[in-house]
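Engineer: These protein sequences, in sequence, are chains D and G. Just so it is clear: in the first sequence, position 219 is 219 by this note's numbering, and no numbers are missing. Just so it is clear: in the second sequence, position 217 is 217 by this note's numbering, and no numbers are missing.
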Amino acid sequence: MRKIISLVLFFATVVVSNSFGAYPSKAIKLIVPSKAGGSTDTTARLFAQTAKKYWKGAKFIIVDKPGSGGLMGFEAEARSRADGYTLGLMFTPQIVAHIVAKRATYTLDSFKIIGNVAEDPEIVVVPAQSSVKNLDDLVKLAKSKKITAAVNGIGSDDFLAAKNFESATGVKFNLMPTKGSTEEKAAILGNHIEVAFMNLSQMLAQHKAGKARIIAIMSKKRSDVAMDIKTSVEQGYNVLMTATRGMLINAKVKKNIADKISDLYSKVVNDKEFQAKCKKAFIFLKPMKGKVYRDYLVQLQKDTQKVYDVSPW
Amino acid sequence: MIILDALHAVMSVSVLTAVTVGSISGIIIGGMPGLTATMAVALLIPITFSFSPLIGLSLMGGVYAGAMYGGSIAAILLSTPGTPAAAATAIEGYPLTKQGKGGLALKVSVVASFIGGTFSVVVLLLVSPLLAQFALKFGPPEYFLLALMGLTGVISVSTGGLVKGIISGLIGLIIALIGTDAMSGVLRYTFGQVELYEGVSFMPALIGMFSIAQMLALTSEKRIANDDIDLSSIKREKMPKGMAPFIALGTAVGTLVGIIPGEGATIAAFVSYNMAKQKSKFKNLFGKGNPEGIAAAESGNNACVGGSLVPLLTLGIPGNTVSAALMGGLMIQGLIPGPELFTKYGQITYGFILSLFIANIVFLVVGLFFAPYFARIALIPASILIAAISVFAVIGSYAINNSMFDVGLMLTFAFTGFFLDKMGFSLSAIILGMILGPIAESGFAQALTISGGAYSIFFASVPAKILWVIIIILLVQPMISHYRSKKIKNTAS
Numbered sequence: 001m002r003k004i005i006s007l008v009l010f011f012a013t014v015v016v017s018n019s020f021g022a023y024p025s026k027a028i029k030l031i032v033p034s035k036a037g038g039s040t041d042t043t044a045r046l047f048a049q050t051a052k053k054y055w056k057g058a059k060f061i062i063v064d065k066p067g068s069g070g071l072m073g074f075e076a077e078a079r080s081r082a083d084g085y086t087l088g089l090m091f092t093p094q095i096v097a098h099i100v101a102k103r104a105t106y107t108l109d110s111f112k113i114i115g116n117v118a119e120d121p122e123i124v125v126v127p128a129q130s131s132v133k134n135l136d137d138l139v140k141l142a143k144s145k146k147i148t149a150a151v152n153g154i155g156s157d158d159f160l161a162a163k164n165f166e167s168a169t170g171v172k173f174n175l176m177p178t179k180g181s182t183e184e185k186a187a188i189l190g191n192h193i194e195v196a197f198m199n200l201s202q203m204l205a206q207h208k209a210g211k212a213r214i215i216a217i218m219s220k221k222r223s224d225v226a227m228d229i230k231t232s233v234e235q236g237y238n239v240l241m242t243a244t245r246g247m248l249i250n251a252k253v254k255k256n257i258a259d260k261i262s263d264l265y266s267k268v269v270n271d272k273e274f275q276a277k278c279k280k281a282f283i284f285l286k287p288m289k290g291k292v293y294r295d296y297l298v299q300l301q302k303d304t305q306k307v308y309d310v311s312p313w
Numbered sequence: 001m002i003i004l005d006a007l008h009a010v011m012s013v014s015v016l017t018a019v020t021v022g023s024i025s026g027i028i029i030g031g032m033p034g035l036t037a038t039m040a041v042a043l044l045i046p047i048t049f050s051f052s053p054l055i056g057l058s059l060m061g062g063v064y065a066g067a068m069y070g071g072s073i074a075a076i077l078l079s080t081p082g083t084p085a086a087a088a089t090a091i092e093g094y095p096l097t098k099q100g101k102g103g104l105a106l107k108v109s110v111v112a113s114f115i116g117g118t119f120s121v122v123v124l125l126l127v128s129p130l131l132a133q134f135a136l137k138f139g140p141p142e143y144f145l146l147a148l149m150g151l152t153g154v155i156s157v158s159t160g161g162l163v164k165g166i167i168s169g170l171i172g173l174i175i176a177l178i179g180t181d182a183m184s185g186v187l188r189y190t191f192g193q194v195e196l197y198e199g200v201s202f203m204p205a206l207i208g209m210f211s212i213a214q215m216l217a218l219t220s221e222k223r224i225a226n227d228d229i230d231l232s233s234i235k236r237e238k239m240p241k242g243m244a245p246f247i248a249l250g251t252a253v254g255t256l257v258g259i260i261p262g263e264g265a266t267i268a269a270f271v272s273y274n275m276a277k278q279k280s281k282f283k284n285l286f287g288k289g290n291p292e293g294i295a296a297a298e299s300g301n302n303a304c305v306g307g308s309l310v311p312l313l314t315l316g317i318p319g320n321t322v323s324a325a326l327m328g329g330l331m332i333q334g335l336i337p338g339p340e341l342f343t344k345y346g347q348i349t350y351g352f353i354l355s356l357f358i359a360n361i362v363f364l365v366v367g368l369f370f371a372p373y374f375a376r377i378a379l380i381p382a383s384i385l386i387a388a389i390s391v392f393a394v395i396g397s398y399a400i401n402n403s404m405f406d407v408g409l410m411l412t413f414a415f416t417g418f419f420l421d422k423m424g425f426s427l428s429a430i431i432l433g434m435i436l437g438p439i440a441e442s443g444f445a446q447a448l449t450i451s452g453g454a455y456s457i458f459f460a461s462v463p464a465k466i467l468w469v470i471i472i473i474l475l476v477q478p479m480i481s482h483y484r485s486k487k488i489k490n491t492a493s
């Protein structure tokens, strides 16, 4: 008899929790389209840690799906079940660059954009021994001889920034794609190349230690963490580039669940503890809500298309 | 004295516990194919927020050191390298297990790992800034030559004849061509498969060709160890004599190669193995279970741990994926790589380095104590073992990239590997080609981008010239010994 009662009770709980149970009733996957231990991965882990404060008892599982400049992860996010139990991290400009280069099977419409979390502005960096002190010097040097510029892979933010800089100034670099910021760092610190296009977080420590020189940050405003670095706009070059890291879900997720996720996102990015941890980890927060961020992505896709049309990869 | 302060900080119960826990879990993680030290360190990053910096770092350091050693256990006993760096160990270790000498192989591996690991940490402690300058001398042309030096290892790992060995190496290089061309972004031989855009990932290939192919071969046996082995002798294996020069060789190569950012540990293990074979008096025993090979390969890959931290701590350039994840852990604690780490934050940095010594001692004790017990795996009936290993192999290949495609890849490599092995081709040479191919290719292409197409760049710098000399020695020496042995045969007949 006891067994039957417990069995009935068990099924009753299952039915109740499935039909009336509030979201979330099971573990939520957080897909990270890059390697464990990287900056996007750390962002996701800190997000999950903070999210538990607001969704008591909720479980988050970080799933790293690295490969092909995030493409493997973006594809998995687009194919994920639309039940709200899969959140995805994304980064620009790769997510739109894959669409432009016709590598992706998804489009921006495959996703509901939750919002942006962080950004990492593009920088132009030269070896400490270099005579180049600013962008004018760089253009002068590049016009006098062929110089090598390292970027992080074809279709990356670095690559697009270098291409935009080329078309804005009329110079032509010897573009050297690398397999990641580590190779770019080694090439600059070892004085093997003249210039590299990278992200601020990757070279900030070396710049402050005087081992490399960041000559420009490619944004409209200077960065709080390095006020000494002049922007490209200040130096008279209107070339902007930044890498953003946002969050998305499958476009078909029901509205009430999507709203809950958006609400969680807002709470986490405004959390003081989360902000403090990100600052320590060199993650520069730049919250942008769904609609605003989506417009940004649409514009970015158009800009990337222009570069692709001139020199496809 | 800052180092003494650091020593004092390390000798606290909490730090010692952290190192021990880290090191032991590292051994387990390293021993499981598919679980990597990188994943473990990444998992620890958010957790370390709640610890003091030194505890968090020594936990991560312990995992790193433990995992590098742990990779050798499964490599020796089951021919299942937990990390690509342990592949060379499997070549010599597994045959020894088959002969019932698994305990001996494990002992050699743990002692070699300990010496290699400890020496490299001494180097890290004493001459980091100096060595960082050496690391910076390496640019794209030197990376290309380094990969070329690793590729000469094809000669040593191919046991079924040189021609078949070279063909195997070329097969590996051809497989490495699949994926996106890093220079132009063009897709090569991907047949529209998104999973192949990044290239064929080598962990599934490694698990398939080493582990499953061996299990297929095992189906015709009752268990790994041959039947005629005295079961009780496994426990009482002594450390063989004459290992010292090979451990020294591996340690030197590992420390130097580890300092250079890149795929350090794997290159170090294979280069050490290759050099050990050239140097050995028992060349013919290589591939059939020569502890000298294990000694060189294991001291080589463990010596990379200290080496890879040199550019990380001094310049903020991580030498491999594990130290890249470690860098995340450092920054979260507000420790920004650079000279300040050794002055302002000296107590933490030196404390972290000292904790690595303890991590090495922990895995030495654990390894020596458990070696005889681990070795008994060889006595488990094949029918049980094969099923268990297959499960691990499937989970392991899935877990690397969370991809089902990789499981299929693993199985494909397993079956092709099995037949290629039967035909006398070298699976190790294929793996070597796959790992080193991309490094050689990008180094080559990047160097020519810098030089504007002039090949003189490959001979320009001092490190490049030294590397050429080593490459030539590694190529010429086997030729001479080959010629000699032929001559002896001719005169005898």
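Glycine included, C-beta positions come from ideal geometry on N, C-alpha and C.
1) Kindly indicate if chain D contains any beta-carbon less than 7 Å away from that of VAL194/G.
2) Taking only beta carbons into account, state which residues of the region 172-187 of chain D come closer than 8 Å to chain G, listed in chain order.
3) Among the candidates LYS279/G, VAL122/G and PRO141/G, whose CA atom is the shortest distance from the CA of ALA447/G?
4) In three-state terms, what does DSSP make of PRO66/D?
5) Under a CB-based cut-off of 7 Å, is THR42/D close to chain G?
6) For a test of the three-state rule: what should DSSP assign to LEU240/D, helix, strand or coil?
7) Against chain D, with Cβ distances strictly below 7 Å, would ASN402/G count as a contact?
8) Let me know if ASN290/G comes out buried or exposed under the rule of 16 or more other beta-carbons within 10 Å of its beta-carbon.
9) Can you name, in chain order, every residue of its own chain whose Cβ lies under 6 Å from the Cβ of ILE257/D, other than the five neighbours on each side?
10) For the alpha helix (DSSP H) containing GLY437/G, name the first residue and the last one.
11) According to the Cβ coordinates, are GLY250/G and SER280/G closer than 7 Å?
12) Could you pull out every residue in the same chain whose Cβ sits closer than 8 Å to the Cβ of LYS260/D, ignoring the five residues on either side in sequence?
13) Can you give me, in chain order, the residues of the region 163-190 of chain G that have a beta carbon less than 9 Å from any beta carbon in chain D?
14) Looking only at its own chain, which residues have a Cβ that is under 7 Å from the Cβ of GLY54/G, when we skip the five neighbours before and after it?
15) Tell me, please, which residues DSSP counts as bridged to ILE389/G.
16) Where in the region 86-111 of chain D do unbroken runs of the beta strand (DSSP E), each at least 3 residues long, occur, reported from the N-terminal end onward?
17) Can you check which of these residues, ILE380/G, VAL108/G and PRO311/G, is closest to ILE247/G by C-alpha distance?
18) Is ILE466/G buried or exposed, if buried means 16 or more other CB atoms sit within 10 Å of its CB?
19) From which residue to which residue does the alpha helix (DSSP H) around ALA303/G run?
20) Let me check understanding here. Comparing Cα to Cα, which of VAL117/D, SER219/D, LYS163/D and THR148/D lies closest to TYR266/D?
21) Among the residues of its own chain, which have a CB less than 6 Å from the CB of ALA42/G, if the five just before and after it don't count?
22) I think GLY88/D touches ILE28/D, with their Cβ atoms under 8 Å apart; what is that distance to the nearest whole Å?
23) Consult DSSP for ILE61/D and reduce its assignment to one of helix, strand or coil.
24) Compare the C-beta of TYR197/G against all C-beta atoms of chain D and say whether one is closer than 7 Å.
25) Identify every residue that forms a DSSP beta bridge with PRO127/D.
26) Report, in whole angstroms, the separation of the C-beta atoms of SER130/D and ASN152/D, which I expect to be a contact under 8 Å.
27) Is VAL32/D helix, strand or coil by DSSP?
28) Rank VAL462/G, ILE212/G, ILE224/G and ILE488/G by C-alpha distance to the C-alpha of ILE391/G and give the top, closest one.
29) At the 7 Å Cβ level, is GLU77/D part of the contact set with chain G, yes or no?
30) Roughly how many whole angstroms lie between the Cα atoms of SER17/D and SER25/D?
31) If I follow the unbroken beta strand (DSSP E) through LEU341/G, where does it start and stop?
32) Just curious, the beta strand (DSSP E) that ASN164/D is in, first and last residue?
33) Which stretch, first to last residue, makes up the beta strand (DSSP E) that contains LYS286/D?
34) Tell me the rounded alpha-carbon separation between TYR345/G and MET90/D.
35) How many angstroms separate the CA atom of ALA104/D from the CA atom of ARG294/D?
36) Check the Cβ of GLY190/D against every Cβ in chain G and list those closer than 9 Å, keeping chain order.
Structural biologist: Taking the definition as stated:
1) By 1-based counting over the second sequence, the position of residue 194/G is 194. With 7 Å as the cut-off, VAL194/G counts as an interface residue toward chain D.
2) Of all residues in the region 172-187 of chain D, ASN174, LEU175, MET176, PRO177, THR178, LYS179, THR182, GLU183, LYS185, ALA186 and ALA187 have a Cβ within less than 8 Å of some Cβ in chain G.
3) By 1-based counting over the second sequence, the position of residue 447/G is 447. With distances taken between Cα atoms, ALA447/G lies closest to PRO141/G.
4) On the first sequence, residue 66/D is found 66 positions in, with the first residue counted as 1. In the structure shown, PRO66/D sits in coil (DSSP, three-state: anything other than H, G, I, E or B).
5) Counting from 1 along the first sequence, the entry for residue 42/D is found at position 42. Yes, contact with chain G.
6) For the purposes of this step, residue 240/D is taken as residue 240 along the first sequence, with counting starting at 1. Of the three classes helix, strand and coil, the one that applies to LEU240/D here is coil, per DSSP.
7) Position 402 of the second sequence, counted from the start, is the residue given in the question as residue 402/G. So yes, ASN402/G belongs to the interface.
8) On the second sequence, residue 290/G is found 290 positions in, with the first residue counted as 1. The residue is buried, with at least 16 neighbouring Cβ atoms inside 10 Å.
9) Working through the first sequence from its first residue, we reach residue 257/D at position 257. Cβ within range, chain order: TYR23 and GLY84.
10) Taking the first residue of the second sequence as 1, we reach residue 437/G at position 437. Here the alpha helix (DSSP H) through GLY437/G covers 427-451.
11) Looking up residue 250/G in the second sequence gives position 250. Looking up residue 280/G in the second sequence gives position 280. For GLY250/G and SER280/G, no; Cβs fall outside 7 Å.
12) Here residue 260/D corresponds to residue number 260 of the first sequence, with the count starting at 1. The beta carbon of LYS260/D sits closer than 8 Å to the beta carbons of TYR23 and GLY84 from its chain, once the five residues preceding and following it are set aside; these are given in chain order.
13) Residues of the region 163-190 of chain G that bring their beta carbon within less than 9 Å of a beta carbon in chain D comprise GLY179, THR180, ASP181, ALA182, MET183, SER184, GLY185, VAL186 and LEU187, in sequence order.
14) Residue 54/G sits at position 54 when you count from the first residue of the second sequence. The question names Gly, but residue 54/G is Leu in the sequence shown. If we look at LEU54/G and ignore the five residues flanking it on each side, its Cβ neighbours are ALA9, VAL15, ILE348, GLY351 and PHE352.
15) Counting from 1 along the second sequence, the entry for residue 389/G is found at position 389. Looking at the DSSP assignment, ILE389/G forms no beta bridge with any residue, so it has no partner.
16) 86-91
17) Here residue 247/G is taken as the residue at index 247 of the second sequence, counted from 1. The candidate whose alpha carbon is nearest that of ILE247/G is VAL108/G.
18) Position 466 of the second sequence, counted from the start, is the residue given in the question as residue 466/G. Its Cβ having fewer than 16 others within 10 Å, ILE466/G is exposed.
19) For the purposes of this step, residue 303/G is identified with residue 303 of the second sequence, where counting begins at 1. Taken as a continuous stretch (DSSP letters only), the alpha helix (DSSP H) holding ALA303/G covers 291-315.
20) As a first step, residue 266/D is located in the first sequence; it is residue number 266 there, counting from the start. One detail in the question is off: residue 266/D reads as Ser in this sequence, not Tyr. Of the candidates VAL117/D, SER219/D, LYS163/D and THR148/D, the one whose C-alpha sits nearest the C-alpha of SER266/D is VAL117/D.
21) The residue labelled residue 42/G in the question sits at position 42 within the second sequence. ALA325.
22) Indexing the first sequence from 1 puts residue 88/D at position 88. Indexing the first sequence from 1 puts residue 28/D at position 28. That belief does not hold up - the Cβ atoms of GLY88/D and ILE28/D are roughly 11 Å apart, past 8 Å.
23) In the first sequence, residue 61/D corresponds to position 61, counting from 1. Residue state, collapsed to three classes: strand.
24) On the second sequence, residue 197/G is found 197 positions in, with the first residue counted as 1. TYR197/G counts as touching chain D.
25) Here residue 127/D is taken as the residue at index 127 of the first sequence, counted from 1. BP columns for PRO127/D point to ALA212/D.
26) Counted from its first residue, the first sequence places residue 130/D at position 130. Counted from its first residue, the first sequence places residue 152/D at position 152. SER130/D to ASN152/D, Cβ: 20 Å. No contact.
27) Reading the first sequence from its first residue, position 32 is the one you call residue 32/D. Correct three-state label for VAL32/D: strand.
28) If you number the second sequence from 1, residue 391/G lands on position 391. Rather than Ile, the amino acid found at residue 391/G in this sequence is Val. Residue ILE212/G is the option with its Cα nearest to VAL391/G.
29) To locate residue 77/D, count along the first sequence from 1; it is residue 77. So, not an interface residue.
30) Within the first sequence, the letter at position 17 stands for residue 17/D. Within the first sequence, the letter at position 25 stands for residue 25/D. Low per-residue confidence applies at SER17/D: pLDDT is 49, beneath 50, and the placement is therefore not dependable enough to give any value.
31) For the purposes of this step, residue 341/G is taken as residue 341 along the second sequence, with counting starting at 1. Premise fails: LEU341/G is in no beta strand (DSSP E) and is neither H nor E.
32) Counted from its first residue, the first sequence places residue 164/D at position 164. Not the beta strand (DSSP E): ASN164/D falls in the alpha helix (DSSP H), residues 157-169.
33) Within the first sequence, numbered from 1, the residue matching residue 286/D stands at position 286. Counted as a single uninterrupted DSSP element, the beta strand (DSSP E) harbouring LYS286/D occupies residues 284-289.
34) Sequence index remark: in the second sequence, residue 345/G carries index 345 (1-based). Sequence index remark: in the first sequence, residue 90/D carries index 90 (1-based). About 35 Å.
35) Locating residue 104/D in the first sequence gives position 104, counting from the first residue. Locating residue 294/D in the first sequence gives position 294, counting from the first residue. For ALA104/D and ARG294/D, the distance between alpha carbons rounds to 18 Å.
36) By one-based count along the first sequence, residue 190/D stands at place 190. Close partners of GLY190/D in chain G (Cβ separation under 9 Å): ALA135, LEU136, LYS137, PHE138 and GLY139.
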